[in-house]
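Trainee:
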Amino acid sequence: MSKRIDSQKIMLEHSEAKVKLLNKYLDRYLNIISNDKHTKKISVFDLFCGEGIYENGGHGSPLIILNAINKLHELNTGSIKSIPPINVFLNDKKLEKVEKVKSIIREQELHNEAYGKLNFTNKDYKQIIPKLSTYLRNLKDEKAFIFIDPYGYKEIRASEIKALLESNKAEILLFLPIQFMYRFDEKGTPISLKELLEDLVPDDTWKSNNSVYQFIDQFKEAFKTSLGSTYFVDTFTIQKDPNTVYCLYFFSSHIRGFEKMLESKWEIDSNEGKGWKYEKSGNLFSDFKTNKLEEDILKYLAIKPRNNKEIYNFTLHLGFLPKHVNEVLSALQDSSKVIVTLFNGEKARKKAFYISYDYYKEEHPKAMIKLV
Ligand SMILES: C[S@@+](CC[C@H](N)C(=O)[O-])C[C@H]1O[C@@H](n2cnc3c(N)ncnc32)[C@H](O)[C@@H]1O
Numbered sequence: 022m023s024k025r026i027d028s029q030k031i032m033l034e035h036s037e038a039k040v041k042l043l044n045k046y047l048d049r050y051l052n053i054i055s056n057d058k059h060t061k062k063i064s065v066f067d068l069f070c071g072e073g074i075y076e077n078g079g080h081g082s083p084l085i086i087l088n089a090i091n092k093l094h095e096l097n098t099g100s101i102k103s104i105p106p107i108n109v110f111l112n113d114k115k116l117e118k119v120e121k122v123k124s125i126i127r128e129q130e131l132h133n134e135a136y137g138k139l140n141f142t143n144k145d146y147k148q149i150i151p152k153l154s155t156y157l158r159n160l161k162d163e164k165a166f167i168f169i170d171p172y173g174y175k176e177i178r179a180s181e182i183k184a185l186l187e188s189n190k191a192e193i194l195l196f197l198p199i200q201f202m203y204r205f206d207e208k209g210t211p212i213s214l215k216e217l218l219e220d221l222v223p224d225d226t227w228k229s230n231n232s233v234y235q236f237i238d239q240f241k242e243a244f245k246t247s248l249g250s251t252y253f254v255d256t257f258t259i260q261k262d263p264n265t266v267y268c269l270y271f272f273s274s275h276i277r278g279f280e281k282m283l284e285s286k287w288e289i290d291s292n293e294g295k296g297w298k299y300e301k302s303g304n305l306f307s308d309f310k311t312n313k314l315e316e317d318i319l320k321y322l323a324i325k326p327r328n329n330k331e332i333y334n335f336t337l338h339l340g341f342l343p344k345h346v347n348e349v350l351s352a353l354q355d356s357s358k359v360i361v362t363l364f365n366g367e368k369a370r371k372k373a374f375y376i377s378y379d380y381y382k383e384e385h386p387k388a389m390i391k392l393v
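If you're matching positions, the sequence shown starts at 22 in our numbering and goes up one per residue.
(1) Just to confirm my understanding: we take S351, look at its own chain, exclude 5 residues before and 5 after, and list those with CB closer than 6 angstroms. What are they?
(2) Roughly how many whole angstroms lie between the Cα atoms of K92 and A38?
(3) Leaving out five residues on either side along the sequence, give the residues of the same chain with a beta carbon under 6 angstroms from the beta carbon of E192.
(4) Ignore the nearest five residues each way along the sequence and tell me which others in F341's own chain have a CB closer than 6 angstroms to its CB.
(5) To the nearest whole angstrom, what separates the beta carbons of N88 and L43, a pair I think is in contact under 8 angstroms?
(6) For Q354, count the other beta carbons within 10 Å of its own beta carbon; 16 or more makes it buried, fewer makes it exposed. Which is it?
(7) Would you say S82 and F168 are within 7 angstroms of each other, going by their C-beta atoms?
(8) Return the chain-ordered ranges of every alpha helix (DSSP H) run that is complete within the stretch 72–101 and spans a minimum of 4 residues.
(9) Buried or exposed for K295, going by 16 or more other Cβ atoms inside 10 Å?
(10) Return helix, strand or coil for F374, following the three-state DSSP convention.
(11) Smallest Cα separation from F110: which of I126, S64, S124, I125?
(12) What beta strand (DSSP E) runs, 3 residues minimum, are completely inside the stretch 123–157?
(13) Determine the direct distance from the alpha carbon of T256 to that of M389, and round the result to whole angstroms.
(14) Could you pull the start and end residues of the beta strand (DSSP E) that A103 belongs to?
(15) From the DSSP output, in three-state form, read off S188 for me.
(16) List the DSSP bridge partners of C268.
(17) Under 7 angstroms Cβ to Cβ from L392, same chain only, skipping five residues before and after it: list those, please.
(18) Specify whether the stretch 138–154 and the stretch 63–78 touch according to this definition: at least 3 beta carbon pairs, one from each stretch, less than 8 angstroms apart.
(19) Measuring CA to CA, which of E128, D162, E176 is closest to K147?
(20) Counting only the same chain and skipping the five closest in sequence on each side, list residues whose C-beta sits under 7 angstroms from that of H80.
(21) Could you please give me the residues that DSSP links to D57 through a beta bridge?
Okay, here's the thing in structure tokens:
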């Protein structure tokens, strides 16, 4: 059995890490959206769904999705009066894979019709994107989550991600075998990578990279530039072995959805935060997180004082959570490097920075933070 076939049939650790993130994110996403008192319907699209189960019993994305929906209902029988219908769309180009996943779902009774519809298609992803973008744009009180998990990256285009995000209704999780892309990058950008990046970075601005992680970051920055500041992008890296790194890129047009995604990411690897490691090597990076954020916050405040809403937004764009920036700001406050003033004229409490989605949502900022 070739290595390629092997990883397609048997769930390896990196696939496990991938679906673990998908699972954690979906649990949060579904819970929040179901409780927002606004959303009337949720749609989950798995555009490269595979056959659902691996030979060693590992669950693929379709099973993760359906189990997350079932769990949501089981856990919330009392507290959520009416969970909106959650429709699931499973697609794979190969008919036999779709048939297989269909029969597994039936045998294991994983789909409850009372929770929403389940649709199967066996189309090429390329055919789906234009229709899906139009469909998303027309949604009213509905939200969508899209999982894109191809074997390679040759078919994916940044412009397709953008088209899906432009609806402002969708969150996207994209899995890319980044190590292969990086290897090609070392040898000179191949046509397929250029095609993916084409509308992201002009040829002359793409820098050569010293490590796969640098490549991942440059790629993320390219996505950010192309999508603009209304959209959020972050990554979650999975290192299978020293020579193989995979990466999940996640995209959102909604800051709250993005925060949930970051929470999932940080929960899985609360120590390093930059991704799940195949084998953890102590906490080498444990103080890296604070330093990097501190550095960026100091630069940001050096330009001009910022209010609590701006800092919340800035922190999330950097891939950090409010609790991280609170830690940084507390330390800066303790060493008298920053001061906080309240817009209502009251005296600010120590260690209160008002950095959360609830304060962000308010019409006016509450506090101003400036360097001393
Ligand atoms: C990495 S696997 C998906 C694994 C699955 N998400 C899981 O968690 O088990 C990629 C799948 O995409 C399908 N595929 C490949 N090219 C496609 C295309 N152009 N459109 C739709 N599906 C495609 C393959 O048949 C394969 O099942």
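We put the CB at the ideal spot given by N, CA and C, even for glycine. None of the values given here were measured: they were computed from a predicted structure.
Mentor: Let me spell this out:
(1) As a working note, residue 351 is residue 330 in the sequence shown. Once the five neighbours on either side are set aside, the close Cβ partners of S351 are K372.
(2) Along the sequence shown, one-based indexing puts residue 92 at 71. Along the sequence shown, one-based indexing puts residue 38 at 17. Going by the C-alpha atoms only, they are around 20 angstroms apart.
(3) By one-based count along the sequence shown, residue 192 stands at place 171. If we look at E192 and ignore the five residues flanking it on each side, its Cβ neighbours are F166, S273, G278.
(4) Locating residue 341 in the sequence shown gives position 320, where the first residue counts as 1. Closer than 6 angstroms at Cβ, skipping near neighbours: L314.
(5) Here residue 88 refers to the residue found at position 67 when the sequence shown is read from its first residue. Here residue 43 refers to the residue found at position 22 when the sequence shown is read from its first residue. About 11 angstroms separates the two Cβ atoms, so there is no contact after all.
(6) Taking the first residue of the sequence shown as position 1, residue 354 is located at position 333. Per the 10 Å Cβ criterion, buried.
(7) Here the question's residue 82 lines up with position 61 in the sequence shown. Here the question's residue 168 lines up with position 147 in the sequence shown. Result yes, Cβ atoms of S82 and F168 sit closer than 7 angstroms.
(8) 82–96
(9) Position 274 of the sequence shown holds residue 295. Here K295 scores only 49 on pLDDT, less than 50, and its place in the model is too uncertain to base an answer on.
(10) Start at 1 with the first residue of the sequence shown, and residue 374 comes out as number 353. Three-state DSSP puts F374 in coil, outside helix and strand.
(11) Stepping through the sequence shown from its first residue, residue 110 is reached at position 89. Residue S64 is the option with its Cα nearest to F110.
(12) 139–142
(13) Residue 389 sits at position 368 when you count from the first residue of the sequence shown. Residue 256 sits at position 235 when you count from the first residue of the sequence shown. Using only the alpha carbons, I get a separation of about 30 angstroms.
(14) Residue mapping note: residue 103 aligns to position 82 of the sequence shown, counting from 1. First, the amino acid is wrong: residue 103 is Ser here, not Ala. Here S103 belongs to no beta strand (DSSP E), and DSSP marks it neither H nor E.
(15) Residue numbering aside, residue 188 sits at position 167 when the sequence shown is read from its first letter. S188: coil per DSSP, three-state reduction.
(16) In the sequence shown, the residue the question calls residue 268 occupies position 247. Answer is L197, T258.
(17) Along the sequence shown, one-based indexing puts residue 392 at 371. Excluding sequence neighbours, L392 sits near L322, A323, K358, V359.
(18) yes
(19) Residue 147 sits at position 126 when you count from the first residue of the sequence shown. Ranking E128, D162, E176 by Cα distance to K147 puts E176 first.
(20) As a first step, residue 80 is located in the sequence shown; it is residue number 59 there, counting from the start. Correct list, in chain order: V40, I74.
(21) In the sequence shown, residue 57 corresponds to position 36, counting from 1. Paired residue(s): none; D57 is not in a bridge.
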